[in-house]
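> Quick one: the structure is below, questions incoming.
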Amino acid sequence: MSTDDFAENLRVLAGYAKSVSDICRSCGVNRTQFHRYLAGETLPSLRNLRRLCDYFGVEEHEILLDRKSFRDVIRLRPPQLTQVADPFRDIQTRLFTGEPPGRIAMGYYHLIFCPEPASPIFYRAVMRLSEASGGIVIKLMERYKRPALTLPEVLKYEGTGFLRAGRLFSLMQEVRHRRSTWFTVLSVGDFANPRVLHGTAVGSDPEGNAGILSFPVVWLWLGEKPDLRKAIGDCGYYLAAEIALPPEIENALIRH
């Protein structure tokens, strides 16, 4: 088989697809490389050849036929476009698909944590939960209005959450530099729309240090439409006396 025959056969198949972009996205093939296949400049690797054949529903030996024989095959059996199996995406979808999040109150929360029990400084950030198809979308903002930390004044995170077996699981990542990622598990309890969620967060800090951190966290529900300016203004880091938390929450945040 010549490169020209393969290129012609691939062009015939591509005519059945919605667009080249759709082919490349579904097959996981680089678009520039795909255009080189179409132009007859090169042949695909065995891996990419299998992906293309799986997508178009043809056998590998068929796409390698001379152009006349291949057109005869296609005339008798037109391509049936299929999505190429993606084990990573399939497992990720299954892992992050939970129960309907109706038991979790949507709206705004304060996230509060104390990473160093020996030095009880509490951090408070504001976050918003909104229901979406398949789970919960989370937007979080950390605001540091004091200059002592070597961090930007504002850090923004985004992530997703899902409910399963009485637990709320969330995964969030800092948006700009993506060095800081956090996985959090919170207990929902037996009642719908709990106003206080207790749990544990594990992840890496935004300064990019190599260590892995873990500490208790509390999410306090503020409402669907709170005074957002005040909620953001209350963010930052505080000494215990300054933040004035209820004893049960302070005790939950400090590991003895």
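Mapped onto full-length UniProt numbering, the consecutive letters of the sequence shown carry residue numbers 1 to 256.
We treat Cβ as the ideally placed atom computed from N, Cα and C, and that holds for glycine.
Just so it is clear, the structure is predicted and the values come from calculations on it, not from any experiment.
With Gln173 as the anchor, note down where its beta strand (DSSP E) starts and where it stops.
Mapped onto the sequence shown, residue 173 falls at position 173. Its beta strand (DSSP E) spans residues 167 to 174.
> Among Val137, Arg229, Val185, Glu142, which one has its Cα closest to the Cα of Phe215?
Within the sequence shown, the letter at position 215 stands for residue 215. Cα-wise, what sits closest to Phe215 is Val185.
> Per DSSP, Met141 is paired with what?
Taking the sequence shown and counting its residues from 1, one reaches residue 141 at position 141. DSSP lists Val126, Lys156 as partners of Met141.
> Am I right that Phe122 and Leu253 are in contact with their C-beta atoms under 8 angstroms? What's the rounded C-beta distance?
Reading the sequence shown from its first residue, position 122 is the one you call residue 122. Reading the sequence shown from its first residue, position 253 is the one you call residue 253. Right, their Cβ atoms sit about 7 angstroms apart.
> If you drop the 5 nearest sequence neighbours on each side, which residues of the same chain put their C-beta closer than 8 angstroms to that of Thr181?
Position 181 of the sequence shown holds residue 181. Excluding sequence neighbours, Thr181 sits near Leu171, Met172, Gln173, Glu174, Gly203, Ser204.
> So who's on the other strand from Phe183, going by DSSP bridges?
For this step, residue 183 is matched to residue 183 along the sequence shown. Paired residues: Leu171, Val202.
> Quick one: what's got a C-beta closer than 6 angstroms to Asp90's C-beta in the same chain, skipping five residues either side?
Taking the sequence shown and counting its residues from 1, the one referred to as residue 90 is at position 90. Contacts found: none.
> With distances taken from CA atoms, which of Cys27, Leu76, Val137 is nearest Pro101?
By 1-based counting over the sequence shown, the position of residue 101 is 101. For Pro101, the nearest C-alpha among the options comes from Val137.
> In whole angstroms, what separates the C-alpha of Arg51 from that of Cys24?
Position 51 of the sequence shown holds residue 51. Position 24 of the sequence shown holds residue 24. C-alpha separation (whole angstroms): 10 angstroms.
> Who are the near neighbours of His35 in its chain, counting only those whose CB is closer than 7 angstroms to its CB and skipping five residues on each side?
Taking the first residue of the sequence shown as 1, we reach residue 35 at position 35. Nothing meets the Cβ criterion.
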